[in-house]
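Take any residue in the sequence shown, note its place counting from 1, add 47, and you have its number in the working numbering. Here is the structure we will look at.
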Amino acid sequence: MSELLRQIDSIALFRGVRYREPLNSLCEFLQKMEAGYTIDEMIAAYSSFVSSLYWQRSDADLSAAIWDALVVDMNPFLRHRINEIVNPDEATKLSTLITLTAERELDLLTEIGSYTSTKFKNEMYYDGYLPDFRSSHIDFKERYMDLIENIATKGYGMYSKYLMFKIDDGEVTPVKHPDPICTDDLFCYEMQREKVLNNTKAFLAGKPAADVFLYGDAGTGKSSTVKAVAREFQEQGLRLVEIPKPELDHLSDVIEKLSQIPMKFILFIDDITFDADDDRIGILKSILEGAASGDRKNIVIYATSNRRHMIKETFSSRSDEIHASDTIAEQTSLSERFGLRILFEKPNKFTFIDIIKNMCNARGIAYDEKELELKAEQAALRAGGRSNRLARQFVDSLGC
Numbered sequence: 048m049s050e051l052l053r054q055i056d057s058i059a060l061f062r063g064v065r066y067r068e069p070l071n072s073l074c075e076f077l078q079k080m081e082a083g084y085t086i087d088e089m090i091a092a093y094s095s096f097v098s099s100l101y102w103q104r105s106d107a108d109l110s111a112a113i114w115d116a117l118v119v120d121m122n123p124f125l126r127h128r129i130n131e132i133v134n135p136d137e138a139t140k141l142s143t144l145i146t147l148t149a150e151r152e153l154d155l156l157t158e159i160g161s162y163t164s165t166k167f168k169n170e171m172y173y174d175g176y177l178p179d180f181r182s183s184h185i186d187f188k189e190r191y192m193d194l195i196e197n198i199a200t201k202g203y204g205m206y207s208k209y210l211m212f213k214i215d216d217g218e219v220t221p222v223k224h225p226d227p228i229c230t231d232d233l234f235c236y237e238m239q240r241e242k243v244l245n246n247t248k249a250f251l252a253g254k255p256a257a258d259v260f261l262y263g264d265a266g267t268g269k270s271s272t273v274k275a276v277a278r279e280f281q282e283q284g285l286r287l288v289e290i291p292k293p294e295l296d297h298l299s300d301v302i303e304k305l306s307q308i309p310m311k312f313i314l315f316i317d318d319i320t321f322d323a324d325d326d327r328i329g330i331l332k333s334i335l336e337g338a339a340s341g342d343r344k345n346i347v348i349y350a351t352s353n354r355r356h357m358i359k360e361t362f363s364s365r366s367d368e369i370h371a372s373d374t375i376a377e378q379t380s381l382s383e384r385f386g387l388r389i390l391f392e393k394p395n396k397f398t399f400i401d402i403i404k405n406m407c408n409a410r411g412i413a414y415d416e417k418e419l420e421l422k423a424e425q426a427a428l429r430a431g432g433r434s435n436r437l438a439r440q441f442v443d444s445l446g447c
């Protein structure tokens, strides 16, 4: 046990893992064993360590818990590797010394993660009840080096664990329970969806890609399309970062942060509408033109709005005929800065029925065609119109 504690404390490159759970609690237990604490105190420390492991992993797997801590650890080895990828002309080549140190410490973590509860119980010479845990014996060197070599697609830290993120007070935070929508859940609007898919494929392939503006009637699936497309390409290293309208003041800073990450990002601005005098119009215009964003080769902006020009138009803005053309030009100039503009219109009666039938078939809901059409039309009349959202709500009611 003394040797195990020394191994953990000797870790340098991955020092952050030492002070994360479960190793932090494990070290506290080992220190008590080393110092000759009473059996009662050692039992309490051991149980506290196992408790932290149980909280982290439902499978009580020590090796897997250490891997979880390692994946989210921003360490010197990872930072140097990211810098090599993001700034190849400026970065200093990673030294052989650091690489060898990383390999040795990953081997140490593999050894540490192989310990089981039986080994600790034997060292404590206690035959009473003690909680158990297991180890899956992960080869940390093999797995981590594979992650490093494929960091652009597998990601690192929270980007390896989550698909969707949100900006909160200028910081990127993970969305732990995102909308599970995928492209298989979307029906009709094939032409619109194909345009978004093709643009995203070009972006991931390093080819010229446009910022995209999806506009049109409410409930037609604009936001769902963006989220589903992001999910479609998550295995290729694509992540979606939603930036709420109040956070647009941080837009330049967010882009600067994301540009230093060797992955691809959709910066998503959902359901956006501006008043004509909103200062954030200028911020977004500058970003779309590239004036304030710097190099954003790994970032595209996808935005949705129920308005064609994003900017609210009032009767007062039209009253001055002398400047009417200037007003119209100002209102259209923002949406025109998006290289790809895609219209989503409300479905007609026949398309609405097709969407509902497709949804029912996908969910295995049996229906009588005439009765379904009649009820769907009644639902549309009550709602005052048709939309994808209404179709989904209608099918939800059938599945109850």
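Glycine included, every Cβ here is placed at the ideal spot set by N, Cα and C. These numbers were taken from a predicted model, which means no experiment stands behind them.
How is residue i classed by DSSP in three states: helix, strand or coil?
i	result
ILE348	strand
VAL119	coil
LEU51	helix
PHE280	coil
ALA293	A small correction: the amino acid at residue 293 is Pro; Ala does not occupy that position in the sequence shown. Correct three-state label for PRO293: helix.
ILE334	helix
ARG343	coil
LYS223	coil
LEU381	coil
ASP136	coil
LEU125	helix
ASP326	coil
ALA275	helix
THR374	Any answer about THR374 is weak, because its pLDDT of 48 lies below 50 and its placement is not dependable; what the coordinates show is given next. The answer is helix: DSSP assigns THR374 an H, G or I state.
ALA413	coil
ALA59	coil
ILE308	coil
ASN353	coil
THR230	helix
THR267	coil
Return the first residue and the last residue of the alpha helix (DSSP H) that residue i is part of.
i	result
ARG286	That residue, ARG286, is in no alpha helix (DSSP H); its beta strand (DSSP E) goes 285 to 289.
GLU196	187 to 196
GLU88	86 to 103
VAL64	62 to 65
THR143	143 to 160
ASN46	Since the first residue of the chain shown is 48 and the last is 447, residue 46 is not available in this structure.
ALA438	435 to 445
LYS422	416 to 430
ASN71	70 to 81
ARG240	237 to 251
TYR176	Unbroken run through TYR176: none, as it is neither H nor E.
LEU305	298 to 305
TYR206	205 to 208
ASN169	164 to 171
Which residue marks the beginning of the beta strand (DSSP E) containing residue i, and which one marks its end?
i	result
PHE260	259 to 263
PHE212	211 to 215
So, are the CB atoms of residue i and residue j less than 9 angstroms apart?
i	j	result
PRO175	VAL118	Contrary to the premise, residue 175 reads as Gly rather than Pro in this sequence. Contact flag unset, no.
CYS407	LEU445	yes
CYS229	THR398	no
TYR262	ARG388	yes
SER164	LEU144	no
LYS292	ARG240	no
GLY217	LEU251	no
SER40	ASP300	Here the chain has residues from 48 to 447 only, and residue 40 is not among them.
ALA116	SER183	no
LEU295	VAL273	no
PHE167	MET48	yes
MET171	ILE86	yes
ARG190	ALA107	no
ARG343	ILE290	no
Any idea which residues DSSP pairs residue i with across the strands?
i	result
ARG388	PHE260
ARG181	ASP108
LEU314	VAL288 and ILE348
GLU218	ASP215
ILE358	PHE321
Of the choices the options, whose alpha-carbon is the least far from that of residue i?
i	options	result
LEU156	ASP136, VAL276, ILE86 and LYS188	LYS188
ASP443	GLY431, ILE316, ALA423 and LEU428	ALA423
LEU437	ILE403, LEU70 and PRO225	ILE403
LEU390	GLU50, LYS269, LEU52 and ARG65	LYS269
PRO135	THR320, GLU88, GLN307 and LYS201	GLN307
LEU210	TYR66, GLN281, LEU305 and ASN71	GLN281
ASP264	ALA249, LEU421, ASP324 and ASN353	ASN353
ALA350	ARG343, GLY337 and THR320	THR320
ASP258	VAL64, PHE312 and GLU150	PHE312
GLU152	ASP401, ARG65 and LYS79	ARG65
LEU305	ILE346, LYS332, ASP324 and ILE290	ILE346
ILE198	PRO225, LEU125 and LYS140	LEU125
ALA430	GLY266, ALA409 and ILE113	GLY266
VAL97	ALA426, VAL133 and ILE113	ILE113
CB of residue i to nearest heavy atom of the ligand HEM: below 8 angstroms?
i	result
ILE129	This structure lacks the ligand HEM; in fact it carries no ligand of any kind.
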